[in-house]
Every structure is written in C-alpha cells, then in structure tokens.
Amino acid sequence: MSDDPTTFNQFSKLPQNLVMTAIQVMQFSGHFVDLKQPKTFHWDQFLDGINNYKGMSINCVTFFRLRLTLLVLGDDLTFDKYQNNTINQQSATVSTMVDKIVDFLRVVLSIALTKEDIDALTKNIDTTFRNLREAKDHGWADFSTSNSSSNSSWEYRVLFAFPNPDLPDFFYSLVTTIKLEADIKEESSWWGLQHKSAQGMNSLRSLEEKHNFQQAISGRETTFNKSIYF
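Okay, structure coming up:
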C-alpha cells in the first residue's frame with residue numbers, strides 16, 4: 070500500500086504500538102477520496118465502507134441535532150459519533166477561523182485535551198491554511214471554485230488520533246474534512262494568507278488580512294483496537 074497516493078494528513082498522539090493501526094485507518098479512509106480534480110472526500114461512501122466491516126451492527130439516533138451513529142464490532146471497533154458544522158464569518162482572519170475549528174474538534178473528541186494538545190492542533194490547522202501550496206503538493210488539501218463566481222475554497226483532509234486513557238490497546242480516530250471558503254477568486258491569491266513576518270502570533274493577528282469566510286467541518290470519531298485489520 071506504499072504506492073497509494075497520500076490524501077490525508079495525520080495528527081497523532083499515539084504510542085508506538087498503535088501507530089501501524091492508525092496508518093491502516095488513514096489508508097482505508099483515503100480510498101474514499103475521489104482523485105478527479107478537484108479531489109474531494111465522499112462521506113457517504115466512507116460510512117458504507119465502515120458498515121461493510123464484518124460483524125457490525127448499526128444504530129442511529131438523533132440528539133439535539135447531533136446525529137450519533139453507534140456501531141458495535143466485537144472488540145475491534147466502535148463508531149462513536151458524527152458531527153458537522155458550518156460557520157459564516159464576515160470580515161474575519163484565518164486565525165479566527167482556526168480558533169473556531171479547534172473549538173469544534175474539542176467538542177467532537179471524546180477525550181479531554183490538554184493545553185499542549187490544543188496548541189498542537191491549532192498549529193497544525195493554522196500551518197496548513199497558511200501554506201496551502203505545500204499542503205496541495207502533499208496531497209491532503211485541494212482547491213476548488215465555488216458557486217459564487219467571486220469565491221473559492223479549499224478542502225483539508227486530516228486524521229486525528231489520540232490514545233484511549235482507560236484502554237491501552239484502543240485509540241480514538243477522528244476522520245475530518247475542513248472546507249474553508251472565502252471571497253478569494255484565484256488559487257494563487259490564497260498564498261497571501263501566510264505570515265509575512267517572523268513576529269509572534271499575537272502581534273500578527275492584528276495585522277492579518279480579513280475576508281468573508283465560510284467553513285464547513287465534518288468529523289467522524291471511531292474507537293479502534295490495535296488488532297483490527299482492513
């Protein structure tokens with residue numbers, strides 16, 4: 070599987086004994102990325118693929134507009150929940166949108182994140198959207214035009230993985246897509262979102278260019294046992 074194209078970035082806090090399983094999860098998720106330009110992740114096909122795992126039963130409930138999908142697969146995999154969120158922000162900076170994305174992830178993940186975890190998540194997402202050309206070259210971010218002739222967007226695909234603090238052979242995996250749309254027409258104009266100074270983040274935030282942003286975030290959290298095999 071080493072020849073498979075890279076379509077997901079990975080953010081992992083896993084110990085070494087769980088890393089190979091997380092790589093399998095990322096490769097499995099990558100099969101549901103349509104490689105036609107612009108590349109995009111098909112959530113419905115991904116869920117169907119998970120459902121086809123042997124021994125699975127599925128139950129769906131709705132709780133305060135949050136769709137929870139519970140899957141039981143013996144001791145190997147439990148599909149905990151799915152959530153998506155859309156935020157419209159007039160005259161905002163990238164830093165503002167990144168903060169809102171991290172707030173969403175804190176809600177979706179089933180573990181309490183430390184300040185170090187939150188800072189690392191923020192850096193991962195902030196770095197991606199300030200270096201979109203590099204992210205595109207890696208294969209985990211793609212540009213597309215929007216229905217509005219003056220707008221365009223990027224889809225960032227990333228797998229977050231955290232150990233289960235109570236069960237050493239299990240970990241939480243959050244397959245995530247982040248679509249950031251703005252009143253930016255040309256792909257090359259997004260390159261200007263990167264920092265133009267070596268100053269600290271707090272100083273830069275007040276100098277950032279503002280845009281009318283819309284972001285759509287989707288995430289599915291799954292609990293995996295290290296013995297699972299796709």
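Just so it is clear: in the sequence shown, position 160 is 229 by this note's numbering, and no numbers are missing.
For glycine and all other residues, C-beta sits at the position ideal for the given N, C-alpha and C.
>> Could you pull the DSSP bridge partners for E307 from this structure?
In response: For residue 307 there is no data in the structure shown, the boundaries of the chain being 70 and 299.
> Nearest to F198 by CA position, among F110, P107, F293, D168, is which residue?
Replying inline: The sequence position of residue 198 within the sequence shown is 129, counting from 1. For F198, the nearest C-alpha among the options comes from D168.
> So, helix, strand or coil for A181, using DSSP?
Replying inline: In the sequence shown, the residue the question calls residue 181 occupies position 112. The answer is coil: DSSP assigns A181 none of H, G, I, E or B.
>> What does the alpha-carbon distance come out to for the pair S222 and L178?
In response: What you label residue 222 is simply residue 153 of the sequence shown in a count that begins at 1. What you label residue 178 is simply residue 109 of the sequence shown in a count that begins at 1. Whole-angstrom Cα-Cα distance: 25 Å.
> Considering only residues of the same chain and omitting the five flanking positions on each side of H280, which have a CB-CB separation below 6 Å?
Replying inline: Taking the first residue of the sequence shown as 1, we reach residue 280 at position 211. Scanning its chain for C-beta atoms nearer than 6 Å, with the 5 sequence neighbours on each side dropped, one finds around H280 the residues A251, D252, in chain order.
>> Just to confirm my understanding: we take I194, look at its own chain, exclude 5 residues before and 5 after, and list those with CB closer than 6 Å. What are they?
In response: For the purposes of this step, residue 194 is identified with residue 125 of the sequence shown, where counting begins at 1. Around I194: V167, I170.
> How would you label Q85, buried or exposed, when you count the other beta carbons within 10 angstroms and need 16 or more for buried?
Replying inline: Here residue 85 is taken as the residue at index 16 of the sequence shown, counted from 1. With fewer than 16 Cβ atoms within 10 Å of its Cβ, Q85 is classed as exposed.
>> For a quick check, are the C-beta atoms of W112 and S287 less than 8 Å apart?
In response: Sequence index remark: in the sequence shown, residue 112 carries index 43 (1-based). Sequence index remark: in the sequence shown, residue 287 carries index 218 (1-based). Cβ distance < 8 Å, so W112 and S287 count as in contact.
>> Mapping the DSSP letters down to three states, classify Q152 as helix, strand or coil.
In response: On the sequence shown, residue 152 is found 83 positions in, with the first residue counted as 1. Q152: strand per DSSP, three-state reduction.
> Can you tell which of S213, Q106, L190 has the C-alpha that lies nearest to the C-alpha of S258?
Replying inline: Looking up residue 258 in the sequence shown gives position 189. Of the listed residues, the one whose Cα sits closest to S258 is S213.
> Which class does D188 belong to by DSSP, given the choice of helix, strand or coil?
Replying inline: Looking up residue 188 in the sequence shown gives position 119. Residue state, collapsed to three classes: helix.
> Using the C-alpha atoms, what's the distance from T245 back to V227?
Replying inline: Residue numbering aside, residue 227 sits at position 158 when the sequence shown is read from its first letter. Residue numbering aside, residue 245 sits at position 176 when the sequence shown is read from its first letter. A straight line joining the alpha-carbon of V227 with that of T245 spans about 5 Å.
> Helix, strand or coil: which one does DSSP assign to N86?
Replying inline: Within the sequence shown, residue 86 is the residue found at index 17, counting from 1. In this structure, N86 counts as helix in the three-state DSSP scheme.
> Nearest-angstrom Cα distance between I187 and T291?
Replying inline: In the sequence shown, the residue the question calls residue 187 occupies position 118. In the sequence shown, the residue the question calls residue 291 occupies position 222. Approximately 20 Å between the Cα atoms of the pair.
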